[in-house]
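Note sheet for the following structure.
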Amino acid sequence: MRHDTLIADSPLPVAALPLEVAVVVPTLNEAANVEKLIAGLSIVLAGRGWEVVFVDDNSPDGTSELVRRIGRDSRHIRIVQRVGRRGLSSAVVEGILATAAPIVAVMDGDLQHGEEALPRLIDAIAERGAELAVGTRYGAGGGIGDWDQGRARMSRLATRAGQIALGTDVSDPMSGFFAIRRDAFERALPRLSAVGFKILLDLLASSPAPLKVAEIPYQFRTREAGESKIGARVIAEYAELIADKTIGRFVPVRLLKFLMVGGLGVFVHLAVLRAILGAGSAFVTAQTVAVMTAIAFNFFLNNSFTYADRKLKGWRLAGGLASFYAISALGAVANIGIGTWMAGHDERWWVAGVAGVVVGAIWNFAMSAALTWRK
49 MRHDTLIADS PLPVAALPLE VAVVVPTLNE AANVEKLIAG LSIVLAGRGW EVVFVDDNSP
109 DGTSELVRRI GRDSRHIRIV QRVGRRGLSS AVVEGILATA APIVAVMDGD LQHGEEALPR
169 LIDAIAERGA ELAVGTRYGA GGGIGDWDQG RARMSRLATR AGQIALGTDV SDPMSGFFAI
229 RRDAFERALP RLSAVGFKIL LDLLASSPAP LKVAEIPYQF RTREAGESKI GARVIAEYAE
289 LIADKTIGRF VPVRLLKFLM VGGLGVFVHL AVLRAILGAG SAFVTAQTVA VMTAIAFNFF
349 LNNSFTYADR KLKGWRLAGG LASFYAISAL GAVANIGIGT WMAGHDERWW VAGVAGVVVG
409 AIWNFAMSAA LTWRK
């Protein structure tokens with residue numbers, strides 16, 4: 049049988065240099081900055097085996113499409129497009145896992161991290177034996193650009209809080225501009241929280257042994273295009289990361305948040321109960337309305353705060369509320385049952401009361417995690 053054979057006019061291009069470094073760039077609506085960033089990387093990384101991995105959270109401005117189009121003409125350019133997932137830290141983790149490079153640098157896609165510092169970060173690892181090279185705004189020769197006093201003060205306060213909480217002397221543990229040796233990253237990987245925007249702080253806290261760190265000063269640039277992602281959510285996620293790496297070693301941070309919401313729910317319950325009783329309603333009516341209101345309050349606050357990463361929307365929100373009511377009702381039964389049983393075995397009424405509350409709270413947390421906000 050005869051087979052037709054297709055012969056290419058020329059062999060496929062093969063990279064002349066082995067892959068030395070990958071630059072991971074998490075993006076969200078950074079299409080206006082992509083081409084300029086790639087041009088800058090092409091200059092400062094010339095003569096090295098390199099690639100850039102953009103990890104885009106399905107930006108509506110077409111960031112993924114633009115990178116993909118540029119990547120058709122260059123094997124240096126890669127794109128990981130994430131759908132249904134958000135977050136800088138998790139994007140960085142996925143980007144590092146997507147490359148085979150022995151050294152990985154991380155920088156933002158907004159051009160505020162000067163790419164001219166990249167060779168120094170890479171060389172600190174490749175030539176001077178560092179495991180982690182941090183671009184610092186606070187070392188000699190570094191700078192924060194045109195930040196106003198309020199933002200500068202807030203950044204230094206958050207930096208100091210991170211240093212104290214995690215026991216690190218790195219001058220800029222909140223930096224988003226750094227390079228790390230792959231094996232050092234892989235050792236920290238199983239313990240990473242991958243929450244929020246401060247992946248460097250997470251890496252420092254999660255490494256099973258202290259990393260050999262080099263600090264490279266750089267000047268933080270002014271954003272040229274796009275919008276800053278800094279806001280209340282960033283601050284909340286930073287606080288959660290600090291809590292996870294300190295208190296979270298002993299008690300899950302999500303459980304603490306759930307209990308905080310429950311505590312606020314008690315005040316809501318009492319406030320509604322008092323208001324309805326004051327209006328002349330019978331206790332059973334007031335208590336029923338207060339319970340229903342407090343459960344709804346707890347559900348919506350947990351949905352936005354405790355389970356912000358699994359936030360329910362649309363019809364799933366209605367189904368989640370119904371399941372939370374059912375779980376809370378069974379939790380109340382468990383609370384009463386355990387409390388009553390304890391009261392028959394211990395004369396101290398408050399022991400029975402606390403036991404009931406603890407069992408009910410654990411039931412509500414475990415079942416709502418498994419059913420209401422299941423992944």
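Counted from 1, the sequence shown has number 321 at position 273 by our numbering; the numbering is strictly sequential.
For each residue, glycine too, the CB sits at the ideal point set by N, CA and C.
Rounding to the nearest angstrom, what Cα-Cα distance links F225 and A165 in this structure?
9 angstroms
Cβ of E99 within 8 angstroms of Cβ of A70?
yes
Between the segment 304 to 311 and the segment 341 to 356, do three or more beta carbon pairs fall short of 8 angstroms?
When C-beta atoms of the segment 304 to 311 are compared with those of the segment 341 to 356, three or more pairs fall below 8 angstroms, so the two segments count as touching.
Jot down the residue ranges of each uninterrupted beta strand (DSSP E) in the segment 304 to 375, minimum 3 residues, whole runs only, in chain order.
none
To which residues of the same chain is G162 closer than 7 angstroms at the C-beta, ignoring the five residues directly before and after it?
Y266, Q267, R269
To which residues of the same chain is L76 closer than 6 angstroms at the C-beta, ignoring the five residues directly before and after it?
Excluding sequence neighbours, L76 sits near D105, S107.
Distance check for G88 and A418, CA to CA, integer angstroms please.
47 angstroms
So, for A227: in the same chain, excluding its five sequence neighbours on each side, which residues have a beta-carbon less than 8 angstroms away from its beta-carbon?
V69, I151, V152, A153, V154, L166, L169, I170, A172, I173, L180, A181
Work out the CA separation of H317 and T341 for me, nearest whole Å.
Straight-line spacing of the CA atoms in T341 and H317 works out to 7 angstroms.
I need the straight-line Cα distance from G187 to R235, nearest angstrom please.
27 angstroms
When DSSP builds the beta bridges, which residues end up paired with E263?
V182
Pull up the distance between the alpha-carbon of Y373 and that of S329, whole angstroms please.
23 angstroms
In its own chain, which residues sit with a C-beta less than 6 angstroms from the C-beta of V140, not counting the 5 before and 5 after it?
V72, P74, V154, I247
Considering F102, what are the terminal residues of the beta strand (DSSP E) in which it resides?
Residues 98 to 104.
Below 6 angstroms CB to CB, which residues in the same chain sit around R50 once its five sequence neighbours on both sides are set aside?
Confidence is the limiting factor: at R50 the pLDDT is only 49, short of 50, which leaves the residue's position unreliable, though a coordinate-based value still follows. Nothing listed; no residue qualifies.
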